[in-house]
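So the sequence shown is numbered by numbering that gives the first Met the number 0: it starts at 0 and just counts up by one. No residue lacks a Cβ here, since even glycine has one placed at the ideal position from N, Cα and C.
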Amino acid sequence: MSTYAIGDLQGCLAPFDALLARIGFNPDRDRLLLAGDLVNRGPDSLGALRRVHELRDNAQVVLGNHDLHLLAVAHGHARLKNKDTLQPILDAPDRDTLLAWLQRQPLLVEAPAFDAVMTHAGLPPLWTLEQARARAAEMAAVLADPASADTFFQEMYGNEPAGWRDDLTGPARWRVITNYFTRMRFVDRQGDLDLTTKGEAGQPPAGFVPWFEHAERLERQRRVLFGHWAALEGHTGVPGVEALDTGCVWGGTLTALRLDDGTRFHCDCDATLAP
Numbered sequence: 000m001s002t003y004a005i006g007d008l009q010g011c012l013a014p015f016d017a018l019l020a021r022i023g024f025n026p027d028r029d030r031l032l033l034a035g036d037l038v039n040r041g042p043d044s045l046g047a048l049r050r051v052h053e054l055r056d057n058a059q060v061v062l063g064n065h066d067l068h069l070l071a072v073a074h075g076h077a078r079l080k081n082k083d084t085l086q087p088i089l090d091a092p093d094r095d096t097l098l099a100w101l102q103r104q105p106l107l108v109e110a111p112a113f114d115a116v117m118t119h120a121g122l123p124p125l126w127t128l129e130q131a132r133a134r135a136a137e138m139a140a141v142l143a144d145p146a147s148a149d150t151f152f153q154e155m156y157g158n159e160p161a162g163w164r165d166d167l168t169g170p171a172r173w174r175v176i177t178n179y180f181t182r183m184r185f186v187d188r189q190g191d192l193d194l195t196t197k198g199e200a201g202q203p204p205a206g207f208v209p210w211f212e213h214a215e216r217l218e219r220q221r222r223v224l225f226g227h228w229a230a231l232e233g234h235t236g237v238p239g240v241e242a243l244d245t246g247c248v249w250g251g252t253l254t255a256l257r258l259d260d261g262t263r264f265h266c267d268c269d270a271t272l273a274p
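Okay, structure coming up:
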């Protein structure tokens, strides 16, 4: 029995299937942790979402920003963008089943056997794991309630508040929690987010650092698994902080990290992506 953590699929079904074949994935014994952004930008978002749904008894999934965008569109609170590849999901006969399942997925999962925690974008450096758990659970409750979920998707988009405050309430509180878990890259000393810069870790905006390089990062005991940041090319330079998004949708690779021994497996996406 092995457990594999896999980076952002983003609608790349063929590379996902090829990677599962490469690792010899056996649903009778193996487990998957999927780092979110299951859909969008790749050629087969519907197929990728269906495949993960098929594997749901063997997989733990966290929501990414593209997954939340799909849900916001489905709720009628956002429009598709030119580069989105989500329309086939919205038109599918099984859309309600797929979207209802997707909306039940959390922002944070743990693999206690490996002292590991996974979110899409990482762990906010000035949050303890206990605080992160509580705030992820808070968002799970928001998404589980039809009224609050509808309000959330209506108010989800935006870069403010830039940082956490204990007195935040309602949609502003939900937005900043979600931005930390699904959009975070660079933070300043106070832990506030810069959500406009998407480049390499070595080129931060003035006054900011990659979240995992923050000098006062609180959670250093557990392995942190995350996707979202393809420009890292799978490397953080920080022991115990594992970047999994290796840019499959951009012609890079799809990566699986075997948690049992730290071995990484890759699928060359250029060879498998449909034209």
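message = In whole angstroms, give me the CA-to-CA distance for residue 54 and residue 143.
response = The sequence position of residue 54 within the sequence shown is 55, counting from 1. The sequence position of residue 143 within the sequence shown is 144, counting from 1. Each residue's Cα considered, the two are about 22 Å apart.
task = For residue 220, count neighbouring Cβ atoms within 10 angstroms of its own Cβ and tell me buried if that reaches 16, exposed if not.
result = Along the sequence shown, one-based indexing puts residue 220 at 221. Residue 220 is exposed by the Cβ-count criterion.
task = Could you check if residue 64 is buried or exposed, using at least 16 other CB atoms within 10 Å of its CB as the buried criterion?
result = As a working mapping, residue 64 is identified with position 65 in the sequence shown. Buried.
task = Identify every residue that forms a DSSP beta bridge with residue 3.
result = Start at 1 with the first residue of the sequence shown, and residue 3 comes out as number 4. Residue 3 is bridged to 31, 257.
task = Kindly indicate which residue of 32, 157, 155 has the alpha-carbon position closest to the one of residue 112.
result = By one-based count along the sequence shown, residue 112 stands at place 113. Comparing Cα-Cα distances from residue 112 to each of 32, 157, 155, the minimum goes to 32.
inquiry  = Taking the alpha carbon of residue 182 as the reference point, which residue from 246, 158, 189 has its own alpha carbon closest?
reply    = Residue numbering aside, residue 182 sits at position 183 when the sequence shown is read from its first letter. The residue with the shortest Cα to Cα distance from residue 182 is 158.
query = Does the beta-carbon of residue 277 have 16 or more other beta-carbons within 10 angstroms, so that it is buried, or is it exposed?
reply = Only positions 0 to 274 of the chain appear in the structure, and residue 277 is not among them; the question remains open.
Residue 295 versus residue 175: straight-line alpha-carbon distance, rounded = Only positions 0 to 274 of the chain appear in the structure, and residue 295 is not among them; the question remains open.
Cβ-based neighbour list, residue 190, same chain, cut-off 7 Å, excluding 5 preceding and 5 following = Within the sequence shown, numbered from 1, the residue matching residue 190 stands at position 191. Closer than 7 Å at Cβ, skipping near neighbours: 123, 124, 125, 162, 163.
query = Taking Cβ to Cβ, would you say residue 101 is nearer than 8 Å to residue 135?
reply = Here residue 101 refers to the residue found at position 102 of the sequence shown. Here residue 135 refers to the residue found at position 136 of the sequence shown. Cβ distance not < 8 Å, so residue 101 and residue 135 don't count as in contact.
key: Three-state class that DSSP yields for residue 202 in the structure shown   = Numbered from its first residue, the sequence shown carries residue 202 at position 203. Residue 202 falls in the coil class under three-state DSSP.
message = Going by DSSP in three states, residue 154 sits in which element: helix, strand or coil?
response = For the purposes of this step, residue 154 is taken as residue 155 along the sequence shown, with counting starting at 1. Note: residue 154 maps to helix in three-state DSSP.
task = Please name the residue or residues paired with residue 174 in a DSSP beta bridge.
result = To locate residue 174, count along the sequence shown from 1; it is residue 175. BP columns for residue 174 are empty, so no partner.
ask   = Which residues in the same chain have their Cβ closer than 7 Å to the Cβ of residue 70, if we skip the five residues on either side of it in sequence?
value = Here the question's residue 70 lines up with position 71 in the sequence shown. So the list reads 98, 101, 102, 152, once near-sequence residues are dropped.
ask   = Can you give the Cα-Cα distance for residue 167 and residue 67, rounded to whole angstroms?
value = Sequence index remark: in the sequence shown, residue 167 carries index 168 (1-based). Sequence index remark: in the sequence shown, residue 67 carries index 68 (1-based). Answer to the nearest angstrom: the Cα atoms are 21 Å apart.
inquiry  = Quick test of your reading: residue 43 and residue 89, contact by CB under 8 Å. State the CB separation rounded to the nearest angstrom.
reply    = Residue numbering aside, residue 43 sits at position 44 when the sequence shown is read from its first letter. Residue numbering aside, residue 89 sits at position 90 when the sequence shown is read from its first letter. Contact doesn't hold; Cβ gap of about 14 Å is too wide.
query = Mind checking residue 234: buried by the 16 CB within 10 Å criterion, or exposed?
reply = Residue 234 sits at position 235 when you count from the first residue of the sequence shown. When all chains shown are included, residue 234 counts as exposed.
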